[in-house]
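The block underneath contains the structure these notes are about, expressed in structure tokens.
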Amino acid sequence: MLRPIPRLLGASAALFGLAALLLPACGGPPPKDPSQMTGAELFLANCARCHGRAGEGSFLAPNIKGASEHWTVDQLVIYIRDPQKVIAEDERLRAQGQQYSQRMPAFPQLSPDQRAKVAEWVLRPR
Ligand code: HEC
């Protein structure tokens, strides 16, 4: 009469063990520390939702694949921190901004080093 209970306990212990083994695999790798991200990873995390994964542009933001025609890394480091300040002083950027429903946000949360990494990635030779 007592036998089914230990068997049930054994089975649930086995299932629990299996779940403990499998569950961590479902979550994928833990999120990466932003200070360790490469320029490409910073771009994907901060810019790609508007500019597209390769910077090809979308209805939200211009194509920036040819950005090296207009920008140096140092200029982009300043721009990314506070785009609207730079846009206000630049005729071409002002005209371009009017084509999009929302302005490019500022990225004060990115350190100068992170902005340089993302700028280098945007301006990399293709
Ligand atoms: C919410 C959408 C959005 C996000 C996110 C965004 N941008 Fe932009 N970006 C824009 C828009 C819109 C413009 C056009 C200027 C304006 O109106 O602000 C622009 C303009 C630019 C330009 C100038 C293009 C030119 O013709 O010279 C560069 C370079 C740029 N973005 C890079 C970036 C980088 C790098 C990031 C990430 C750190 C980023 N953007 C994130 C929307 C976005």
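Residue numbers for the sequence shown follow the numbering used here, so the first one is 62 and each next one is one higher.
Don't be surprised by glycine CBs; every beta carbon is placed ideally from N, CA and C.
8 angstroms CB neighbourhood of residue i in its chain, flanking five on each side removed
{"i": "Val138", "result": "Pro173, Arg176, Ala177, Ala180"}
{"i": "Pro200", "result": "The shown model of the chain, from 62 to 187, leaves out residue 200, and the question about it has no answer."}
{"i": "Arg110", "result": "Leu121"}
{"i": "Arg114", "result": "Leu105"}
{"i": "Glu102", "result": "Lys93"}
{"i": "Ala128", "result": "Gly116, Leu137, Val183, Leu184"}
{"i": "Asp151", "result": "none"}
Cβ neighbours of residue i in the same chain (closer than 6 angstroms, five flanking residues each side left out)
{"i": "Gly100", "result": "Lys178, Val179, Glu181, Trp182"}
{"i": "Met165", "result": "Pro144"}
{"i": "Leu154", "result": "Ile148"}
{"i": "Tyr140", "result": "Val147"}
{"i": "Trp132", "result": "none"}
{"i": "Ala167", "result": "Asp143"}
Run of the alpha helix (DSSP H) containing residue i, from where it starts to where it stops
{"i": "Leu137", "result": "134–142"}
{"i": "Phe120", "result": "Note, Phe120: premise wrong, no alpha helix (DSSP H); not H, not E."}
{"i": "Gly116", "result": "Note, Gly116: premise wrong, no alpha helix (DSSP H); not H, not E."}
{"i": "Arg185", "result": "Where Arg185 is concerned, there is no enclosing alpha helix (DSSP H), given that its DSSP letter is neither H nor E."}
{"i": "Leu154", "result": "152–158"}
{"i": "Leu103", "result": "100–107"}
Neighbourhood of residue i by C-beta distance below 7 angstroms, restricted to the same chain and skipping five residues each side
{"i": "Asp94", "result": "none"}
{"i": "Pro123", "result": "Gln157"}
Practice item. Pair every Cβ in the region 96–106 with every Cβ in the region 140–147, then say whether three or more of these pairs are closer than 8 angstroms. Key: At 8 angstroms Cβ cutoff, the stretches do not touch.
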